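Below is one structure, written out as structure tokens; the observations come after it.
In UniProt numbering, the protein residues as written are 1 to 89.
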């Protein structure tokens, strides 16, 4: 192949410009749609969401603590049995 070969035409329709993608609607809701939700309903829904998050977090932490306590007991028992075996050997 020569060092300065003449440029070749692109294959098929690669030289044509692509059409831009269609414009998408924004995901935001217009302010008029928010007007039919009352302030009290909004406050109540935020309160319920917060309370459920607190409850779920509290339960998850309880489960985590129970698991860590179980693992600690199990490892301590394994250590005790291993030390007994070493003492007998």
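Ideal Cβ placement from N, Cα and C applies to all residues, glycine included. Keep in mind that this is a model prediction, so the values were computed, not measured.
Exercise. Counting contacts by CB-CB distance shorter than 8 Å, is residue 58 in contact with chain C?
Worked result: Although the question refers to chain C, the structure presented lacks it and comprises just one protein chain.
Problem set entry | Helix, strand or coil at residue 37 [DSSP, three-state] | coil
Exercise. How many Å lie between residue 87 and residue 74 at the Cα?
Worked result: 20 Å
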